[in-house]
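Single-structure report; data block below.
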Amino acid sequence: MCGIAGVMYRGSDKDFGTGEALIRMLDGCQHRGPDSTGFALYSPEASGRLKLRFFIDPESESDDEVAIDAIRQRLIELGAAIEEEARAGDNYRVTIRYDGDIQKLSYEMEHAAKVISIGTSLEIVKDVGTAHDVDDRYHVNEFHGTHGLGHVRLATESDVKPEASHPFWATGFADIAIVHNGQITNYWKMRRRLEQQDFEFSTDNDSELIAVYLADKLAQGVKLQDALSTSIDDLDGTFSFLVSTGDEIGYAKDRLAAKPMIMYEDDELVAIASEEVSLNRLFPGRALNTREPAPGTYATWSRST
Amino acid sequence: MVALDLATLSVRDANAQLRTLGEAGEDVEILNPDARHHIGVGLTAPINVTVQGSAGYFCAGLTDQAQFNVSHNVGWGVGDNMYSGSVVVGGNAGAIPGVAIRGAEIVIKGNMGSRAGQVMKAGTLCCAGNANFMAGYMMYGGTIIILGDSGERVGEDMSSGEIFVAGKVEDLGSDAMLTDLDQKEIEGIHAFLDRYGIKAPKGFSKIINAGKKLRYGTPETPMRSIPFNAFSGDSVYWNPKIQEDIAIKAQSGRYRIRGYGGARPLPHLSDIGFRKDLAGAGTDRDVIEKIHMATEIGGINGARPLKLSMPVMIAPMSYGALSRSTKYAIAMGSAMSGIAENTGEGGMSDAQRDAAGQLIFQCLGGRLGWNIHDMRRADALEIYISQGAKPGLGGQLMAKKVTAELAEIRGIPPGIDLRSPSRHPDILGADDLVIKVEEFREATGYELPVSVKLGAGRIRDDIKIASKDGFDFVELDGMQGSTGAGSAEVIDNVGIPTLPAIIEAIEALEEIGARDKIQLVLMGGLRDGVDAVKGLCLGADAVAFGTSVIIAGGCISCMQCHVGQCVTGIATQDPEHEKRYQPKVEASNIHRFLESVRWQIAAITQALGYDDVRGLNRDDLVALTPEAADITGLPYEPLVGDASVQQVGSHL
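These protein sequences, in sequence, are chains A and B.
Residues 77 to 381 in the numbering used here are what the first sequence spells out, letter by letter.
Residues 43 to 694 in the numbering used here are what the second sequence spells out, letter by letter.
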């Protein structure tokens, strides 16, 4: 049960204040989810280096440095060359050069540590607390990029902890993230089906399924919009979700329209949120010509078009 | 004209000023609304309010008489429950515009979202653009005019009222049909559109209820009465209860409807006992003066709490299932004992309000009887999500119980078979529920406690949500709770018993460190002060009685509540039956029963070694059965002392 937000800037520049925009949008709908807040932020990295983020559990008895060392060592064993590393809040952030299979790297790292995201442009920041709490800890407002997603969560069935927060990275697939409001009722059935194809899940949260489902389709060469189209038939339950890849953003909405979604589009950006109050945070004092996506529909926007 | 700028004022402050300006008859302009929720909620004065921009959820909700004009868009539930007055929306409206309106005019110049006019009772909702799916869903009356296309399943399960569509009727909903319009109706629509400066289209299709579904043809036949305590799960396999059940189904050919609670044995409070020997309990004649029992419920977030003379209240029961006289008697009895009464579904009668010292006003999905004026004269507000006897289900009040007075309170046509929906139109998740709770608080100036009634189901999750959504207290109802009418299959087989319900609720709150952030009122088959003390020991802040209060007030437990011809005048709306009921006499009986409860609570509390009911705790209890030990985690000690004394004390 949640609030979602997404924004994509259209210009050729990659230096938009996506972090600040998403903080504002999420602050606008924080009432929908006081437990945790998260951001999927995209900033293209031309060099092809991979950005990885890991949770370092502050409650853990062992020293942070021991945990980080283990991550370093595992990365090197898997053939990655570490270029930059930093601590941010409870995260360990590392940039690597890596030429191998990303899915293999992801699963191996997943077994060794708590991976938050892997991508050439994607970085996920999520933690318990409000948008401003998370910003205070991770400096999201300093983040510039092209597009991003955000999420505020009111935990209903799974725990309140950073790894159960959104956005969900499509475990094993670089640069794909989703935010979801609703409940997928055929979760276990779909998950078992994907697990039989050797996909791995890192949480029991139904929203992670959407990310892996879409990533699987994309890996098969299906276009994002076609994957969204089949998701409306394949996923059962209530959902309004947003998905982003390295250069696309899209939404899908269930046929019962049980979860709200509203969007605004102009020459400079496209913004989508659970409530118009979030869109208005980007344009204070302006009455916006918004549009409510129809039930059972999907759409995508691309940076390159 | 006064301007209120939401760039600097909070909606809460703006609404407070709006109410004051309304009293003074001053028109208001709202600047920089930026799609914020609850603008204008609770305004009951005939002023003009202009919103310069877009408004969020529940704009003009729970209002009466005011004229709203919103220049741009509105979110979900514009004009929610509006009594009279109008809202004109210049742009689009989100889902459920005109939900539960009782007489206002709502005009949307753009398109409108799904389920427009859900459970509306009267008034007119007009959309100049297209509607989305299920316009007129479960509407009880009033008019919807759609100048564009109807959307899918228009008129789904409407009971009454009419829908006019100028564009394409895409698809008729369940139990809806097309019919002809007469010239007078067309003229009426044209006159309405004229008033709002909308150009009238050429022709209309008219959609009404087809009347083919869910009609309560033959009422249930009264059957021979099997005592309530003859459990169907008893040792005799083909016992009288099973035989009765089969005989009834042999006549009806379907599931069985009946009143009362579950009729099979389940783990209950009688399966736990007190650790101490209570042989001495009840010997002190002045025990009531010595034990502190006064309890405040609902003040935890700053609202004005209910002040109970003991940790007891009346469980929600509706005027509808019960007669007006019965609700009147319960109100009087509760006031005499200094505890709170609850309206249940279906609204508040003047007699009940005047007689009850403190009254909780309950809001259900059909919004039957729900309105701003009665909210204001309530002492607490309660959102019903479900009940222990039939969790997750709605209800149906048979036509013969829908009398003229009852229909007027509920805002529906008299004599219809009245369906109560199982879900709220505007609560589809915990996120929507937050916004709904806030609307109620706005409408009543943050003065009244707001509670949630939960039938025990997924308690661990539900109770956490209740806490996060900011409720002041929860009324938690176990499977042993009763109902005026429900399917016997559900009553006996669906739900979580009261004992595990309270255990899980307390554990869940402790898991998230929220035990002191919300209060718990336990109900569901609690019979007396002994059960009350056990509930308090397990962690409840108070308990509520339904069935035992009815029995104290004259019910003979014949289990024929659903037939509507209750011989005692309790579960009936038939004046011939109701006149047998003597409210003043029964009020005294109820009062005396409640005083016996008070005495039991005091005596046991004292025997357990406390001078305050707040001292009662888990360590005072033991489990008398292995099942109860497993459920509660209490030590299994069936042989400590005399089990009967341990359970109730020899003098009680």
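Built from N, CA and C at the ideal position, the CB exists for glycine as well.
Distance, Cα to Cα, B:M176 vs B:N251?
As a position in the second sequence, residue 176 of chain B is number 134, starting the count at 1. As a position in the second sequence, residue 251 of chain B is number 209, starting the count at 1. Between B:M176 and B:N251, the C-alpha separation is close to 13 Å.
With 7 Å as the threshold, decide whether the Cβ of B:L48 is near any Cβ in chain A.
For the purposes of this step, residue 48 of chain B is taken as residue 6 along the second sequence, with counting starting at 1. False, the Cβ-Cβ gap to chain A never drops below 7 Å.
Please classify B:G197 as buried or exposed, where buried requires at least 16 other C-beta atoms within 10 Å of its C-beta.
For this step, residue 197 of chain B is matched to residue 155 along the second sequence. The residue in question, B:G197, is buried, as its Cβ has 16 or more Cβ neighbours within 10 Å.
Where DSSP assigns a beta bridge to A:I254, which residues make up the other side?
To locate residue 254 of chain A, count along the first sequence from 1; it is residue 178. A:F244 and A:V319.
Given that a residue counts as buried once 16 or more other Cβ atoms are within 10 Å of its Cβ, and exposed if not, what is B:V44?
For the purposes of this step, residue 44 of chain B is identified with residue 2 of the second sequence, where counting begins at 1. Under this definition B:V44 is an exposed residue.
According to the Cβ coordinates, are B:P309 and B:A670 closer than 7 Å?
The residue you call residue 309 of chain B lines up with position 267 of the second sequence. The residue you call residue 670 of chain B lines up with position 628 of the second sequence. Against a cut-off of 7 Å, the Cβ pair of B:A670 and B:P309 comes out as a contact.
What does B:F175 reach in chain A if we use C-beta pairs closer than 7 Å?
Taking the second sequence and counting its residues from 1, the one referred to as residue 175 of chain B is at position 133. P371, listed in chain order.
Using 8 Å as the threshold, is the stretch 295 to 302 of chain A in touch with the stretch 198 to 218 of chain A, meaning 3 or more CB pairs across them?
no
When the Cα of B:T368 is compared with those of B:G133, B:C600, B:T589 and B:H80, which residue comes out closest?
Sequence index remark: in the second sequence, residue 368 of chain B carries index 326 (1-based). Minimum Cα distance to B:T368 is reached at B:T589.
Would you call the stretch 109 to 119 of chain B in contact with the stretch 501 to 511 of chain B, where contact means no fewer than 3 C-beta pairs closer than 8 Å?
no
Does the count of Cβ pairs from the stretch 158 to 174 of chain B and the stretch 134 to 149 of chain B closer than 8 Å reach three?
yes
Whose Cβ in chain A lies nearer than 7 Å to the Cβ of B:I342?
Translated into positions along the second sequence, residue 342 of chain B becomes position 300. In chain order: nothing, as chain A lies at least about 17 Å away.
Would a C-beta distance cut-off of 7 Å place A:V228 and A:G95 closer than the cut-off?
In the first sequence, residue 228 of chain A corresponds to position 152, counting from 1. In the first sequence, residue 95 of chain A corresponds to position 19, counting from 1. Contact: no.
In terms of residue numbering, what span does the beta strand (DSSP E) encompassing B:G64 cover?
Residue numbering aside, residue 64 of chain B sits at position 22 when the second sequence is read from its first letter. B:G64 -> not in any beta strand (DSSP E); alpha helix (DSSP H) instead, spanning V53 to E65.
Leaving out five residues on either side along the sequence, give the residues of the same chain with a beta carbon under 8 Å from the beta carbon of A:L364.
Position 288 of the first sequence, counted from the first residue, corresponds to residue 364 of chain A. Excluding residues within five positions, the ones whose Cβ falls inside 8 Å are Y340, E352, L355 and N356.
Between A:P238, A:L304 and A:F317, which lies nearest to A:E135 when the distance is taken from Cα to Cα?
What you label residue 135 of chain A is simply residue 59 of the first sequence in a count that begins at 1. For the set A:P238, A:L304 and A:F317, the Cα lying nearest the Cα of A:E135 is the one of A:P238.
Do B:G611 and B:H604 have their C-beta atoms closer together than 7 Å?
Reading the second sequence from its first residue, position 569 is the one you call residue 611 of chain B. Reading the second sequence from its first residue, position 562 is the one you call residue 604 of chain B. Remark: C-beta atoms of B:G611 and B:H604 do not approach each other more closely than 7 Å.
Beta carbon of B:V639, beta carbon of B:G571: below 7 Å?
Here residue 639 of chain B refers to the residue found at position 597 when the second sequence is read from its first residue. Here residue 571 of chain B refers to the residue found at position 529 when the second sequence is read from its first residue. Yes; because the gap between Cβ atoms is below 7 Å, this pair is in contact.
Would you say B:N476 reaches chain A, if we count a Cβ-Cβ gap shorter than 7 Å as a contact?
Within the second sequence, the letter at position 434 stands for residue 476 of chain B. The displayed chain sequence assigns Val, not Asn, to residue 476 of chain B. Chain A, which has a Cβ nearer than 7 Å to the Cβ of B:V476, makes this yes.
Would you say A:R108 lies against chain B (beta-carbon separation less than 7 Å)?
On the first sequence, position 32 is the one that residue 108 of chain A refers to. Judged by the 7 Å Cβ criterion, A:R108 is in contact with chain B.
Using the Cβ count rule (16 or more neighbours within 10 Å means buried), how would you classify B:L220?
Numbered from 1 along the second sequence, position 178 holds the residue referred to as residue 220 of chain B. For B:L220, the number of other beta carbons within 10 angstroms of its own is below 16, and it is reported as exposed.
Taking all protein chains shown into account, do 16 or more other C-beta atoms lie within 10 angstroms of the C-beta of B:N535, making it buried, or fewer, making it exposed?
Position 493 of the second sequence holds residue 535 of chain B. Under this definition B:N535 is an exposed residue.
Taking the alpha helix (DSSP H) that A:W264 falls in, what are its first and last residues?
Position 188 of the first sequence holds residue 264 of chain A. Residues Y263 to Q272.
Going by DSSP, what residues sit across from B:H21 in a beta bridge?
Lying outside 43 to 694, the shown extent of chain B, residue 21 of chain B is not represented and no answer is given.
Using a Cβ-Cβ distance cut-off of 7 Å, determine whether A:V353 contacts chain B.
For the purposes of this step, residue 353 of chain A is taken as residue 277 along the first sequence, with counting starting at 1. Chain B, which has a Cβ nearer than 7 Å to the Cβ of A:V353, makes this yes.
With a 10 Å radius around its C-beta and 16 neighbouring C-beta atoms as the bar for buried, classify A:E160 as buried or exposed.
The residue you call residue 160 of chain A lines up with position 84 of the first sequence. By the 10 Å Cβ count, A:E160 comes out exposed.
Checking contacts by CB at 7 Å: is A:L181 closer than that to chain B?
Taking the first residue of the first sequence as position 1, residue 181 of chain A is located at position 105. Chain B contact via Cβ: absent.
Does any CB atom of chain A fall closer than 7 Å to the CB of B:R54?
Position 12 of the second sequence, counting from 1, holds the residue named residue 54 of chain B. Answer no: the Cβ-Cβ gap between B:R54 and chain A never drops below 7 Å.
Does any residue of chain B have a CB that is nearer than 7 Å to the CB of A:G361?
Along the first sequence, one-based indexing puts residue 361 of chain A at 285. Taking Cβ atoms only, chain B reaches closer than 7 Å to A:G361, which makes this a yes.
Which word fits B:N659, buried or exposed, when buried means at least 16 other C-beta atoms lie within 10 angstroms of its C-beta?
Within the second sequence, numbered from 1, the residue matching residue 659 of chain B stands at position 617. Looking at its Cβ environment, which holds fewer than 16 other Cβ atoms inside 10 Å, B:N659 is exposed.
May I ask you to list, following chain order, the residues of the stretch 506 to 521 of chain B that have a beta carbon less than 7 Å from some beta carbon of chain A?
I507 and K510
Counting C-beta neighbours from all protein chains within 10 Å, is the total for A:Q149 16 or more, i.e. buried, or is it exposed?
Start at 1 with the first residue of the first sequence, and residue 149 of chain A comes out as number 73. Its Cβ having fewer than 16 others within 10 Å, A:Q149 is exposed.
Cβ of A:N281 within 7 Å of Cβ of A:A240?
Mapped onto the first sequence, residue 281 of chain A falls at position 205. Mapped onto the first sequence, residue 240 of chain A falls at position 164. Cβ atoms of A:N281 and A:A240: closer than 7 Å.
Do A:S378 and A:D312 come within 7 Å of each other at the CB atom, strictly closer than that value?
Along the first sequence, read from residue 1 onward, the residue named residue 312 of chain A stands at position 236. Along the first sequence, read from residue 1 onward, the residue named residue 378 of chain A stands at position 302. Against a cut-off of 7 Å, the Cβ pair of A:S378 and A:D312 comes out as no contact.
Is the CB-CB distance between B:I249 and B:A218 below 7 Å?
Counting from one through the second sequence, the residue named residue 249 of chain B turns up at place 207. Counting from one through the second sequence, the residue named residue 218 of chain B turns up at place 176. Cβ atoms of B:I249 and B:A218: closer than 7 Å.
Check whether the Cβ atoms of B:R557 and B:L564 sit closer than 7 Å, and answer yes or no.
Counted from its first residue, the second sequence places residue 557 of chain B at position 515. Counted from its first residue, the second sequence places residue 564 of chain B at position 522. Their beta carbons are not under 7 Å apart, which means B:R557 does not touch B:L564 by this criterion.
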